[in-house]
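Below is one structure; the comments refer to it alone.
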Amino acid sequence: MGKNKFLGSCQKHEAFFLFLSLFNLTFYGSTAQNLIQPTSSLQAAPASQRATLPGIGMTSIRLVQYNVSDTMSHVKMLLLKDKQLDSHNTSCLKACLEVYSNAIASIKHATKSYNTKQYYDANIQISAVIADATTCEDGFMEKQGGVSPLTKRNDNTIQLSSVALSVVNFMFYNRSMEFKLTR
């Protein structure tokens with residue numbers, strides 16, 4: 149089988165491999181219920197209806213960026229409006245504001261890396277967003293009986309980032325295979 153026929157065959161199966169990645173994520177990284185939000189968000193994005201796999205990757209990264217920006221705005225609002233916060237929650241929200249600020253920088257860098265097909269770098273930056281959301285959530289749990297007001301938002305950030313990461317990893321694998329075939 150020639151190189152071009154092989155690559156054409158691989159491209160026909162991209163959707164199947166994306167499905168497998170999401171299937172894997174469902175059983176190893178979260179439950180099917182938790183994936184409803186990210187996948188329905190992806191389906192609701194008009195660009196994703198006819199997008200190629202690279203387009204779906206960019207759409208998923210943009211959804212992460214919108215989610216991170218919205219969460220950061222929500223944290224600012226909580227700090228301004230809720231005057232009855234105890235010192236622990238105030239401290240945690242300020243820490244979340246900082247880590248979500250880092251997440252915005254990370255997802256912007258991931259977008260640039262993805263656009264230039266630097267999928268390994270995009271992987272690192274999207275993984276950093278997941279770590280930032282986890283750090284935010286964990287801060288509230290440091291106090292016994294602590295409850296995070298951001299659990300749903302942090303979970304959404306993690307789930308959306310996981311979907312984007314699945315696509316980025318597939319693109320990285322696909323690019324690695326192309327590179328090996330051209331050598």
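Going by the working numbering, the sequence shown wraps up at 331, each residue one higher than the last. Glycine included, each C-beta is placed from N, C-alpha and C at the ideal position.
Closest by CA to residue i, which one among the options?
{"i": "His236", "options": "Asn322, Phe288 and Ser217", "result": "Phe288"}
{"i": "Ile255", "options": "Ile272, Lys300 and Leu227", "result": "Ile272"}
{"i": "Leu245", "options": "Asp280, Ser309, Asp303 and Gly294", "result": "Asp280"}
{"i": "Ser261", "options": "Asp230, Ile274 and Ala251", "result": "Ile274"}
{"i": "Ile209", "options": "Ala270, Ser296, Val247 and Thr200", "result": "Ala270"}
{"i": "Leu298", "options": "Thr259, Met225, Ser314 and Val311", "result": "Met225"}
{"i": "Ala258", "options": "Gln307, Ala312, Asn322 and Leu201", "result": "Ala312"}
{"i": "Ile306", "options": "Val295, Gln213 and His222", "result": "Gln213"}
{"i": "Cys284", "options": "Asp303, Tyr268, Tyr267 and Gln292", "result": "Asp303"}
{"i": "Val277", "options": "Gly293, Lys291 and Ser249", "result": "Ser249"}
{"i": "Lys355", "options": "Thr282, Asp234, Asn263 and Gln266", "result": "Within the shown structure, residues of the chain are numbered from 149 to 331, placing residue 355 beyond reach of any answer."}
{"i": "Thr282", "options": "Thr264, Ala243 and Gln232", "result": "Ala243"}
{"i": "Ser221", "options": "Gly294, Gln266, Val247 and Tyr267", "result": "Val247"}
{"i": "Tyr268", "options": "Ser314, Ser296 and Asp230", "result": "Ser314"}
Whole-angstrom Cβ separation of residue i and residue j, contact assumed at under 8 Å?
{"i": "Ile252", "j": "Ser309", "result": "Not really, about 13 Å apart at Cβ, beyond 8 Å."}
{"i": "Thr219", "j": "Arg301", "result": "5 Å"}
{"i": "Leu241", "j": "Leu227", "result": "5 Å"}
Exercise for review: Could you tell me whether the stretch 307-325 touches the stretch 199-209, where touching means 3 or more Cβ pairs closer than 8 Å?
Suggested key: Of all C-beta pairs linking the stretch 307-325 to the stretch 199-209, three or more are shorter than 8 Å, placing the two stretches in contact.
Exercise for review: Could you name each continuous alpha helix (DSSP H) segment of 4 residues or more that falls completely within the stretch 218-267, going from the start of the chain to the end?
Suggested key: If we require 4 residues or more, the alpha helix (DSSP H) runs fully inside the stretch 218-267 come out as 235-263.
Point to revise | Inside the stretch 270-307 only - beta strand (DSSP E) runs reaching at least 3 residues | key: Complete beta strand (DSSP E) runs here, min 3: none at all.
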